[in-house]
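Residue numbers (this note's numbering): 2 to 205.
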């Protein structure tokens, strides 16, 4: 009987402690989800995998979920509605090599943006869907060509934006693919940083 009494007393004590201090909370649910899309039908950048890994790391550090795919079938109204933003990670296509999205998938993507969905394009994303004027308007400009990789400097124009506020006035890069655009978007889009052409970068 004494053992039973001690056991009951111990259980009561444990329950009181749980009530006072609680139990370890489960991991917090992700604040939102993003879809990383990296399909290519043209030149494929070796950095795609590193980019996907970096975005997933950011998700882990900032509590958002990341899904990566190269399957254009992900572009449906129902599926895209699950994501706060879509990231085109070095997607690349030409009309000759084949589009990334078919007509139905393009329409779903447009509706997603029109409903307030977010979009970010990394590097060769501007070399995608080059005959789609709507996408050119979304990206701000479409890639034309780039000269050989070479060093250069970037003039930071917006020091308040989260993506550039940590950068110096002149950001020096040891080597980069400096893109030329089919149409210069200056004055039509909000530019965060701009290549310093006076540095003599060849081919621009």
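Beta carbons: idealized from backbone N, C-alpha and C, even for Gly.
**Report entry** residue 140, DSSP secondary structure in three states
**Finding:** helix
Report task. Could you check the C-alpha separation between residue 186 and residue 147 for me, to the nearest Å? Result -> 16 Å
Query raised in the report: Among 158, 161, 37 and 183, which residue has its Cα nearest to the Cα of residue 70?
Result: 37
**Report entry** Status (buried if at least 16 other CB within 10 Å, exposed otherwise) for residue 122
**Finding:** Classification for residue 122: buried.
Query raised in the report: Is there contact here, the region 95-106 with the region 48-58, by at least three beta-carbon pairs under 8 Å?
Result: no
Query - Opening and closing residue of the alpha helix (DSSP H) in which residue 63 lies - result: 49-63
Requested in this report: Using the Cα positions of residue 112 and residue 78, report the straight-line distance between them to the nearest angstrom.
Outcome: Their backbone Cα atoms lie some 8 Å apart in a straight line.
Query raised in the report: Mapping DSSP to helix, strand and coil, what is residue 26?
Result: Model confidence at residue 26 stands at a pLDDT of 44, short of 50, so the residue's coordinates are unreliable; what they give is reported in the following sentence. Coil, per DSSP.
**Report entry** Three-state class that DSSP yields for residue 145 in the structure shown
**Finding:** strand
Query raised in the report: With contact counted as at least three CB pairs below 8 Å, one residue from each stretch, are the region 154-170 and the region 123-142 in contact?
Result: The answer is no - the region 123-142 does not touch the region 154-170, with fewer than three Cβ pairs under 8 Å.
Requested in this report: Measure the alpha-carbon distance for residue 60 versus residue 29 and round it to whole angstroms.
Outcome: 13 Å
Query - Contacting residues, own chain, Cβ-Cβ under 7 Å from residue 57 (five flanking each side not counted) - result: 67
Query - Assigned exposure category for residue 153 - 16 Cβ within 10 Å defines buried - result: Counting of Cβ neighbours within 10 angstroms places residue 153 among the buried residues, the total reaching 16 or more.
Query raised in the report: When we look at the beta-carbon of residue 125 and count the other beta-carbons within 10 Å, is it buried (16 or more) or exposed?
Result: buried
Requested in this report: Measure how close the beta-carbons of residue 65 and residue 39 come, nearest whole angstrom, since I'm counting them as under 8 Å.
Outcome: Actually they are not in contact, since the Cβ atoms of residue 65 and residue 39 sit about 18 Å apart, beyond 8 Å.
Query raised in the report: Can you tell me whether residue 100 is buried or exposed, with buried defined as 16 or more other CB within 10 angstroms of its CB?
Result: Under this definition residue 100 is a buried residue.
Query raised in the report: On the three-state DSSP scale, how would you describe residue 112?
Result: helix
Query raised in the report: Short check: CB of residue 133 to CB of residue 107, under 8 Å?
Result: It is a contact, given that the beta carbons lie within the stated cut-off.
Query raised in the report: Taking the Cβ atom as the reference point for each residue, do residue 189 and residue 170 lie within a distance shorter than 8 Å?
Result: no
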